[in-house]
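Residue numbers (my numbering): 6 to 306.
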């Protein structure tokens with residue numbers, strides 16, 4: 006039954022900070038409310054988009070507890086809880102279970118460059134904590150790809166319920182979809198590929214653009230899952246400029262700049278991330294204006 010849950014539209018939630026670097030809990034709660042109002046199925050805090058790599062352990066716990074409390078009964082909460090140390094990844098999964106998360110998003114070990122056998126043993130150990138695990142394959146950040154054959158081995162491990170596929174390799178994703186066991190979910194980790202993946206039999210998306218446009222991204226995925234490709238395509242092409250501009254610099258720099266322009270958060274980052282360049286800021290602003298998320302400069306509300 007757990008595997009039936011992990012589908013639809015998930016938001017890779019940003020972490021808002023005050024100017025002094027502390028977590029802005031009030032803004033975080035507002036973001037959760039906005040996501041729930043947009044119909045988002047899953048919230049994924051403390052991942053890449055949430056700057057999880059620079060959150061201190063106490064901050065990770067606090068962000069997790071705030072999101073879990075704010076979303077309780079309204080959306081699933083899947084906590085970013087990976088590490089390139091298996092022991093630390095296991096501990097993070099145990100912590101997430103204790104705090105009440107519905108599952109964890111566990112990234113492929115980075116820097117170490119494990120073999121495919123090493124990937125299998127790593128995630129098997131994480132799954133033995135008992136919490137549902139979504140494996141996160143993002144070779145552009147980790148330096149190593151979890152191959153389809155390895156993912157299919159993992160799909161048979163108890164408590165490994167899904168993969169967030171951000172390899173950019175649709176053929177690899179389709180091989181997983183083609184051979185997966187019943188109930189194993191394949192979620193797209195790239196907004197721009199979500200429609201083709203779902204149209205190929207995938208189960209949803211873990212989205213960045215849904216931070217800005219949760220309702221429309223949810224509608225896109227729901228339409229695609231229902232086979233209404235005409236509606237899904239229209240929404241895809243409406244959101245595509247926003248999907249693209251969110252990666253004009255390293256994620257989450259552009260999306261946090263956009264949310265600040267929308268008046269939802271203050272624009273603060275954790276080093277080594279720095280504010281967006283002036284030229285790219287204008288690109289973000291232009292796309293937000295074109296998609297109707299902010300008013301053009303000089304136009305009254």
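Don't be surprised by glycine CBs; every beta carbon is placed ideally from N, CA and C.
{"Check": "Just mark residue 62 as buried or exposed, buried being the case when its beta carbon has 16 or more other beta carbons within 10 Å.", "Outcome": "exposed"}
{"Check": "Can you give me the start and stop residues for the alpha helix (DSSP H) that residue 226 sits inside?", "Outcome": "219 to 230"}
{"Check": "Report the rounded CA-to-CA distance for residue 7 versus residue 139, giving the unit in angstroms.", "Outcome": "Any reading at residue 7 must be qualified, since the residue scores a pLDDT of 39, below 50, and its modelled position is unreliable; the value itself is stated next. C-alpha separation (whole angstroms): 12 Å."}
{"Check": "Which same chain residues end up closer than 7 Å to residue 165 when comparing Cβ atoms and leaving out the 5 residues on each side of it in sequence?", "Outcome": "128, 132, 138, 140 and 159"}
{"Check": "Specify, as a first and last residue, the run of the alpha helix (DSSP H) that residue 288 falls within.", "Outcome": "283 to 295"}
{"Check": "Find the nearest neighbour of residue 228 within the set 218, 108, 153 and 204, judged by alpha-carbon distance.", "Outcome": "204"}
{"Check": "Rank 122, 217 and 130 by C-alpha distance to the C-alpha of residue 292 and give the top, closest one.", "Outcome": "217"}
{"Check": "Rounding to the nearest angstrom, what Cα-Cα distance links residue 64 and residue 103 in this structure?", "Outcome": "16 Å"}
{"Check": "Which residues in the same chain have their Cβ closer than 7 Å to the Cβ of residue 37, if we skip the five residues on either side of it in sequence?", "Outcome": "48, 72, 75 and 76"}
{"Check": "Among 58, 79 and 81, which one has its Cα closest to the Cα of residue 93?", "Outcome": "58"}
{"Check": "Note down the Cα distance separating residue 83 from residue 41, rounded to an integer number of angstroms.", "Outcome": "14 Å"}
{"Check": "Across which residues does DSSP place residue 311 in a beta bridge pair?", "Outcome": "Outside the displayed span of the chain (6 to 306) sits residue 311, for which this structure offers no information."}
{"Check": "Name the two residues that bound the continuous alpha helix (DSSP H) containing residue 148.", "Outcome": "No alpha helix (DSSP H) holds residue 148; DSSP gives it neither H nor E."}
{"Check": "Ends of the beta strand (DSSP E) at residue 141?", "Outcome": "138 to 142"}
{"Check": "Can you name the residues that DSSP bridges to residue 111?", "Outcome": "140"}
{"Check": "Write down the C-beta distance between residue 112 and residue 143 rounded to the nearest angstrom, noting that I regard them as a contact closer than 8 Å.", "Outcome": "7 Å"}
{"Check": "Span of the beta strand (DSSP E) holding residue 169?", "Outcome": "165 to 170"}
{"Check": "What span of residues does the beta strand (DSSP E) with residue 48 cover, start to end?", "Outcome": "47 to 49"}
{"Check": "Could you spell out the range, first to last residue, of the alpha helix (DSSP H) harbouring residue 311?", "Outcome": "Nothing about residue 311 can be reported from this structure: the residues present for the chain run from 6 to 306 only."}
{"Check": "With DSSP run on the structure shown, which of helix, strand or coil describes residue 35?", "Outcome": "helix"}
{"Check": "Taking DSSP as the reference, what is the three-state secondary structure of residue 68?", "Outcome": "helix"}
{"Check": "Strictly by DSSP, which residues pair up with residue 5?", "Outcome": "For the chain, the structure presents residues 6 to 306; residue 5 sits outside this window and is missing."}
{"Check": "Just how far apart, CA to CA, sit residue 260 and residue 108?", "Outcome": "24 Å"}
{"Check": "Would residue 184 be called buried (16 or more neighbouring beta carbons within 10 Å of its own) or exposed?", "Outcome": "exposed"}
{"Check": "Select from 194, 301, 145 and 130 the residue whose C-alpha is nearest the C-alpha of residue 12.", "Outcome": "194"}
{"Check": "Nearest to residue 16 by CA position, among 85, 27, 281 and 147, is which residue?", "Outcome": "85"}
{"Check": "How far does the beta strand (DSSP E) with residue 82 in it extend, from its first residue to its last?", "Outcome": "81 to 85"}
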